[in-house]
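Report on one structure; see the data block that follows.
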Amino acid sequence: MTDVASLKRGITVAKKRTTNTLRRGERYQFPTGMSWFQAMQNAVCDVGLDVRISKLIAILYNEAKAEYESDNVVYKDYVPYGRAYKASLDLKKHGDKVELPEHLWEPLPPNLREFLSKPSLT
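Heads up, the sequence shown is in my numbering, so the first residue is 217 and it goes up one at a time.
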């Protein structure tokens, strides 16, 4: 879907999708009628979001540390926790989802699972 003014400037308008998840390389599209500045203000002023992200970071850190310090370290569990912890540090800035295998979601409360996604096979 493109409009004439956008074509003259060499810009294409993205098509709307029905899902809210972003694929690699895609940019976030702001809700209709909301400028980038309003969307940024809403995200920065959402204290609840900050609290949830901080809890997610703490849980992922503690799980990675517990896996590493256990007597029988299972690296296939430790490595994803470590990578998820690292990705969660930039969650507020980038807004992407944190990739973590679904069998490792158990220690996380349901309200924090909105920030997670299953790892892609690519």
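Even for Gly, the Cβ is constructed at its ideal location relative to N, Cα and C.
Note down, in chain order, each residue of its chain lying with its Cβ closer than 8 Å to the Cβ of residue i, except the 5 sequence neighbours on either side.
| i | result |
| --- | --- |
| L265 | A259, K308 |
| P196 | Since the first residue of the chain shown is 217 and the last is 338, residue 196 is not available in this structure. |
| Y277 | Y301 |
Does the beta-carbon distance from residue i to residue j come in below 8 Å?
| i | j | result |
| --- | --- | --- |
| P317 | K302 | no |
| L320 | K271 | no |
Evaluate residue i with the Cβ neighbour count: other Cβ atoms within 10 Å of its Cβ, from every protein chain shown; 16 or more gives buried, anything less gives exposed.
| i | result |
| --- | --- |
| S304 | buried |
| T228 | Only weak support exists for where T228 lies, its pLDDT of 49 falling under 50; the value from the coordinates is given anyway. So T228 ends up on the exposed side. |
| V267 | exposed |
| M217 | Only weak support exists for where M217 lies, its pLDDT of 47 falling under 50; the coordinates are left without a value. |
| V314 | buried |
| P325 | exposed |
Under 6 Å Cβ to Cβ from residue i, same chain only, skipping five residues before and after it: list those, please.
| i | result |
| --- | --- |
| I273 | S304 |
Below 7 Å CB to CB, which residues in the same chain sit around residue i once its five sequence neighbours on both sides are set aside?
| i | result |
| --- | --- |
| G298 | A280 |
Is the number of C-beta pairs between the segment 251-261 and the segment 273-291 that are closer than 8 Å three or more?
Between the segment 251-261 and the segment 273-291, the count of Cβ pairs shorter than 8 Å is below three; the stretches do not touch.
May I have a chain-ordered list of the beta strand (DSSP E) segments no shorter than 3 residues that lie completely inside the segment 250-299?
For the segment 250-299, not a single whole beta strand (DSSP E) run of length 3 or above is found.
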